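Presented below is the structure to which this report refers.
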Amino acid sequence: MPAEPLPQFLSSIKLKYVKLGYQYLANHMLTFLLIPVMVAAFLEAAKIGPDELVSLWRSLGINAIHALCTVLLVVVVATAYFMSRPRPVYLVDYACFQPARNCRVPFATFFEHARLMPFFDEKSVRFQVRILERSGLGEETCLPPANHYIPPCPSMEASRAEAQLVIFSAIDDLIAKTGLKPKDIDILVVNCSLFSPTPSLSAMIVNKYKLRSNIMSFNLSGMGCSAGLISVDLARDLLQAHPNSYALVVSTEIITPNYYAGNERSMLLPNCLFRMGAAAVLLSNRRRERARAKYRLLHVVRTHKGADDRAYLCVYEEEDGDGNSGIRLSKDLMAIADEALRSNITTVGPLVLPVTEQLRFLASLVARRLLGSRGWKPYIPDFKRAFEHFCIHAGGRAVIDELQLNLRLSAAHVEASRMALHRFGNTSSSSLWYELGYIEAKGRMRRGDRVWMIGFGSGFKCNSAVWRCLRTVATPVDGPWSDCIHRYPVHIPEVVKLL
Amino acid sequence: MHTVLSVDAMELLWTIATVLFLYSSLSFLWKAFDCRRNQNCYLVDYVCYKPSDDRKLSTELYSDVIKRNKRLSMPDYKFHLKVVVNFGISEETYGPRSIIEGREESPTLDDCDDEVDDCMYSTLDELFRRTGISSGDVDVLVVNISMFTPDPSLTSRIVNRDKMREDVKTFNLSGMGCSASPIANDLVNNVFKTRKRTLAVVITSESIAPNWYCGTDKSMMLGNSLFRSGGCSFMLTNDPSLKHLAKMSLKCLVRAHSGANDDAYSCAMQKEDTDGRVGFHLSKSLPKVAVRAFTENLQTLAPNVLPVGELALYVIRGLRHRLRRSKETKADAGTAVRVNFKSGVEHFCLHTGGAAVIDAVGSALGLNKYDVEPARMTLHRWGNTSASSLWYVLSYMEAKKRLRRKDRVLMLSFGAGFKCNSYLWEVLRDLEDGGAWEDCIEAYPPNP
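Protein sequences, first through last, are from chains P and A. For the first sequence, numbering that gives the first Met the number 0 begins at 0 and goes up steadily by one. For the second sequence, numbering that gives the first Met the number 0 begins at 0 and goes up steadily by one.
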């Protein structure tokens with residue numbers, strides 16, 4: 000970990016810690032004041048015997064009316080207090096799209112198709128295959144039917160067909176799992192970056208499932224691979240404002256219209272990495288859902304680095320010299336992801352790290368200030384003490400490697416991300432849900448466990464969500480992993496030799 | 000001695016406990032009151048987009064563009080022109096540069112970016128200048144442009160250009176049609192309910208350059224004739240300290256989505272024609288669908304907007320009508336009971352979907368020529384600018400100095416899906432800005 004970027008990172012959070020400390024003090028002042036008072040009262044009461052206490056009580060001259068009024072006041076204030084607290088947001092259940100086997104794109108198929116495409120030159124074919132060799136993807140990732148044609152036919156009709164296939168399958172599975180009645184859905188948030196027809200995909204869902212006319216629907220687009228967490232954030236805000244509601248969040252990426260048919264290297268990467276996928280998530284703030292909900296949403300933190308030009312341009316849709324449009328990924332991507340993550344964890348850290356870790360971090364800050372940067376090594380908070388499970392966006396092998404290094408995670412912590420990348424490829428905003436499914440399918444999710452979901456996306460954004468598991472998830476688990484979990488984890492070699 | 004000391008100590012403890020209890024109740028009540036204060040949604044200001052004059056799309060220029068499409072026959076060409084003439088638009092409406100310069104069949108990504116950038120940046124700069132608020136103070140940014148979604152999103156583009164903060168909440172809405180403005184407002188309103196002293200900027204516009212239809216399907220040709228360039232940026236806040244700057248306050252917002260009905264879902268749809276060209280299909284059942292969605296919206300809106308007296312009158316009239324109908328023959332049972340919306344609303348911003356749409360909605364609400372004039376004039380001057388049309392209508396009213404303190408303004412729009420959304424504002428102070436109408440308001444309404 001390079002030392003130079005750290006001082007800037009540290010100085011920016013210094014003020015944050017001071018502010019947070021003051022906020023903590025202010026919010027809990029009552030507790031800080033009440034504790035000594037209660038301790039004193041208890042000590043006093045302990046000194047006096049029970050008879051004396053009773054006579055003291057009588058001497059105060061409280062009659063029934065006083066007592067009743069006090070009790071009433073306490074009840075009123077307590078009720079109002081509990082009702083004003085932010086409503087908890089529960090994740091009742093979720094379902095991921097399981098692609099059919101005939102959509103598989105094994106390496107040999109990918110290679111053969113690339114060779115037969117009329118628009119790729121020899122160099123582009125070899126480049127794509129080399130990327131695939133090192134990508135960490137497996138042989139079972141899937142592309143939509145339209146992309147199996149040579150050349151692919153990216154029509155609007157085919158794109159809509161893919162959208163209907165992936166979204167409706169995921170929602171049907173969710174309905175089967177939860178017994179949800181479509182008419183009960185109050186909030187619908189759909190995110191799909193690169194395909195946005197009119198009427199929107201949210202209108203398509205309203206039409207298919209005959210949702211209510213007063214539904215609050217929103218269709219987010221263009222927001223990249225971290226849009227799944229943006230949708231969850233929006234659903235959470237809506238649930239805070241509307242009690243007793245259900246929110247359906249659908250995250251997907253439609254591959255059909257986005258095949259890059261040119262030879263610009265920086266734009267060929269998405270062809271190799273992006274695969275078909277979708278997830279449907281049911282959130283609710285109904286108290287009765289607490290009993291069967293799987294997770295509770297604790298925090299969502301969003302960080303947008305768009306103000307920095309380098310960050311803004313690192314994932315960019317543009318046209319190449321021949322007019323083919325595609326998404327260009329810059330070489331700075333890893334460095335920018337790193338910076339975005341640091342900014343995000345400066346906000347997440349104080350919310351989730353145990354007090355000891357925060358104190359150690361603060362102490363190291365102070366020590367470095369006093370003794371100078373050379374005298375004291377920077378202390379990186381140990382996030383493994385705050386979370387049991389990590390779901391890191393399966394953007395590519397390099398992203399997972401980088402985060403494993405930065406957060407000092409073990410191979411076991413990033414196993415879900417690596418295996419999801421291997422089995423399903425980069426499914427963009429829904430990848431986090433496939434990873435969560437892996438952890439559950441492996442029987443590792445226990446009650447009380449905390450999960451950290453980290454998503455990265457164009458803009459450049461880094462968004463994270465913190466969940467707490469409310470009930471141990473029993474195996475076997477229905478879902479896209481049910482037929483293959485017994486084969487995982489697999490060893491993923493550095494390079495799978497194809498050429 | 001021990002007992003006396005204990006009694007004193009107990010009294011002291013009792014006093015302290017009472018004080019703390021009072022403090023906690025008071026602070027909690029203050030929090031509840033504070034929360035209530037932040038429930039309001041104020042419109043601080045808005046700026047409508049005025050493209051440069053070289054982008055004016057006169058009927059002559061428009062017919063040149065149509066003639067360039069060699070696939071069209073003479074009847075098709077005549078149909079195009081008939082629609083434009085009957086639609087009620089003037090020679091002053093604006094189109095994208097790529098279409099005027101002859102690139103309508105193959106616009107580049109740069110053309111699309113330029114069209115949208117020009118609108119967003121010019122209106123945003125003007126908005127920040129007029130309000131004196133800097134881009135670094137923006138907490139929430141919403142952009143809605145239905146038919147163009149580049150990656151990174153348009154919200155990211157603005158965050159980059161205006162150097163907004165890292166914790167800014169951005170939302171890029173897309174595909175939500177001509178009634179997306181109330182939807183963006185609804186989103187912001189909901190975020191306001193969870194955060195105090197928040198400032199939001201919403202940009203609403205439409206992208207025409209990449210959506211020009213080059214085929215021969217009549218149902219898709221209408222889109223070319225109707226849509227014109229326009230946009231609006233507006234600033235919302237729930238901070239009570241900015242109330243003195245604000246123009247209007249949001250009172251009520253109603254959304255009605257009739258997408259569950261198949262006809263409604265498919266009546267306005269972007270799809271490919273038989274030759275594989277993408278266009279915006281408008282079906283013949285659109286008016287019927289619009290009426291249904293409109294009725295549904297009004298059923299929820301009316302109780303929130305109308306005074307109790309008018310609602311009571313409506314119920315009485317309804318009962319009388321029903322009694323009369325049961326006695327009379329079928330032939331007499333055609334008239335429906337009308338509600339007088341003007342009892343609860345002073346000004347009406349109607350979506351400029353077309354002259355026929357404005358007239359139909361106007362007559363359903365019981366409006367006269369004066370009431371529909373802003374919508375009619377907006378259609379004439381700007382064409383159908385999709386989601387931002389409501390703001391041009393509002394700007395007309397303001398330029399004509401019609402908006403006085405305590406007046407209520409109803410904004411009503413329709414959109415693909417099929418949705419009918421409406422919202423009610425209350426004017427906070429006498430408004431007088433000319434806005435985008437500044438240089439031409441004197442010429443309106445034009446002499447017949």
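All C-beta atoms in this analysis are idealised placements derived from N, C-alpha and C, irrespective of residue type, glycine included. A quick note: this is a predicted structure, and the numbers were derived from the prediction, not measured.
In three-state terms, what does DSSP make of residue i?
{"i": "residue 276(A)", "result": "coil"}
{"i": "residue 40(A)", "result": "coil"}
{"i": "residue 454(P)", "result": "strand"}
{"i": "residue 37(P)", "result": "helix"}
{"i": "residue 362(A)", "result": "helix"}
{"i": "residue 65(P)", "result": "helix"}
{"i": "residue 175(A)", "result": "coil"}
{"i": "residue 427(A)", "result": "coil"}
{"i": "residue 206(P)", "result": "helix"}
{"i": "residue 78(A)", "result": "helix"}
{"i": "residue 49(A)", "result": "coil"}
{"i": "residue 466(P)", "result": "strand"}
{"i": "residue 233(A)", "result": "strand"}
{"i": "residue 91(A)", "result": "coil"}
{"i": "residue 460(P)", "result": "strand"}
{"i": "residue 474(P)", "result": "coil"}
{"i": "residue 156(A)", "result": "helix"}
Beta-carbon within less than 7 Å of residue i's beta-carbon, same chain only, minus the 5 sequence neighbours each way: which residues are those?
{"i": "residue 218(A)", "result": "280, 281 and 282"}
{"i": "residue 256(A)", "result": "416 and 418"}
{"i": "residue 372(A)", "result": "444"}
{"i": "residue 403(P)", "result": "413"}
{"i": "residue 172(P)", "result": "94"}
{"i": "residue 144(P)", "result": "102"}
How close, in whole Å, do the beta carbons of residue i and residue j come, if the pair is a contact with beta carbons under 8 Å?
{"i": "residue 449(P)", "j": "residue 466(P)", "result": "7 Å"}
{"i": "residue 170(P)", "j": "residue 249(P)", "result": "7 Å"}
{"i": "residue 141(A)", "j": "residue 199(A)", "result": "7 Å"}
{"i": "residue 355(A)", "j": "residue 378(A)", "result": "With a Cβ gap of about 11 Å, residue 355(A) and residue 378(A) do not count as contacting."}
{"i": "residue 428(P)", "j": "residue 224(P)", "result": "6 Å"}
{"i": "residue 344(P)", "j": "residue 304(P)", "result": "Wrong, their Cβ atoms sit about 13 Å apart, outside the cutoff."}
{"i": "residue 349(A)", "j": "residue 227(A)", "result": "Actually they do not touch by this definition, with Cβ atoms about 17 Å apart."}
{"i": "residue 229(A)", "j": "residue 51(A)", "result": "With a Cβ gap of about 13 Å, residue 229(A) and residue 51(A) do not count as contacting."}
{"i": "residue 44(A)", "j": "residue 126(A)", "result": "6 Å"}
{"i": "residue 138(A)", "j": "residue 203(A)", "result": "Contact flag wrong, Cβ pair sits at about 18 Å."}
{"i": "residue 253(P)", "j": "residue 158(P)", "result": "6 Å"}
Leaving out the 5 sequence neighbours to the left and right, which residues in its chain are closer than 8 Å to residue i when beta-carbon positions are compared?
{"i": "residue 90(P)", "result": "280, 281, 282, 292, 293, 294, 295, 296 and 466"}
{"i": "residue 103(P)", "result": "138, 139, 140 and 141"}
{"i": "residue 269(P)", "result": "257, 259, 325, 326 and 328"}
Using C-beta distances below 6 Å, list every residue in its chain close to residue i, excluding the 5 sequence neighbours before and after it, in chain order.
{"i": "residue 243(P)", "result": "285"}
{"i": "residue 347(P)", "result": "300 and 463"}
{"i": "residue 435(A)", "result": "47, 49 and 394"}
{"i": "residue 225(A)", "result": "383"}
{"i": "residue 289(A)", "result": "413"}
{"i": "residue 395(P)", "result": "272"}
{"i": "residue 484(P)", "result": "440"}
{"i": "residue 217(P)", "result": "188"}
{"i": "residue 296(A)", "result": "253, 255, 419 and 421"}
What beta strand (DSSP E) runs, 3 residues minimum, are completely inside the stretch 316–356 of chain P?
Whole beta strand (DSSP E) segments, 3+ residues: 324–328.
Any chance the stretch 116–136 of chain P sits against the stretch 233–247 of chain A, with 3 or more Cβ pairs inside 8 Å?
The stretch 116–136 of chain P vs the stretch 233–247 of chain A: no contact.
Is there contact here, the stretch 145–164 of chain P with the stretch 105–119 of chain P, by at least three beta-carbon pairs under 8 Å?
They touch, by the three-pair rule.
Taking contact to mean at least 3 C-beta pairs separated by less than 8 Å, is the stretch 417–435 of chain P in contact with the stretch 358–368 of chain P?
At 8 Å Cβ cutoff, the stretches do not touch.
For the stretch 417–431 of chain A against the stretch 261–278 of chain A, are there 3 or more C-beta pairs whose distance is under 8 Å?
With a cut-off of 8 Å, the stretch 261–278 of chain A and the stretch 417–431 of chain A count as touching, because enough Cβ pairs lie within range.
Quick check for students: name the residue ranges of the alpha helix (DSSP H) that lie wholly in the stretch 417–442 of chain P, counting only runs of 4 or more.
For the alpha helix (DSSP H) assignment, the uninterrupted runs of no fewer than 4 residues enclosed by the stretch 417–442 of chain P are, from N- to C-terminal side, 430–440.
Taking contact to mean 3 or more Cβ pairs, one atom from each stretch, closer than 8 Å, check whether the stretch 312–325 of chain P and the stretch 107–114 of chain A are in contact.
Segments in contact, yes.
Taking the runs of the alpha helix (DSSP H) that are 4 residues or longer, which of them lie wholly in the stretch 262–329 of chain A?
The stretch 262–329 of chain A contains, as complete alpha helix (DSSP H) runs of 4+ residues, the segments 285–304 and 307–326 (chain order).
Are the stretch 174–188 of chain A and the stretch 135–154 of chain A touching, with three or more C-beta to C-beta distances below 8 Å?
The stretch 174–188 of chain A, when compared against the stretch 135–154 of chain A, does touch it at the 8 Å Cβ threshold.
Length-filtered (4 minimum) alpha helix (DSSP H) runs lying within the stretch 372–433 of chain A
Within the stretch 372–433 of chain A, complete alpha helix (DSSP H) segments of at least 4 residues are found at 388–398, given in chain order.
Determine contact between the stretch 292–310 of chain A and the stretch 338–345 of chain A, defined as no fewer than three beta-carbon pairs at a distance below 8 Å.
Verdict: yes, contact present.
For the pair the stretch 206–217 of chain P and the stretch 154–167 of chain A, tell me if three or more CB-CB distances fall below 8 Å.
In short, these stretches do not touch, since the Cβ pair count stays below three.
Determine contact between the stretch 24–32 of chain A and the stretch 66–85 of chain P, defined as no fewer than three beta-carbon pairs at a distance below 8 Å.
When Cβ pairs closer than 8 Å are counted between the two stretches, the stretch 24–32 of chain A is seen to touch the stretch 66–85 of chain P, the count reaching three or more.
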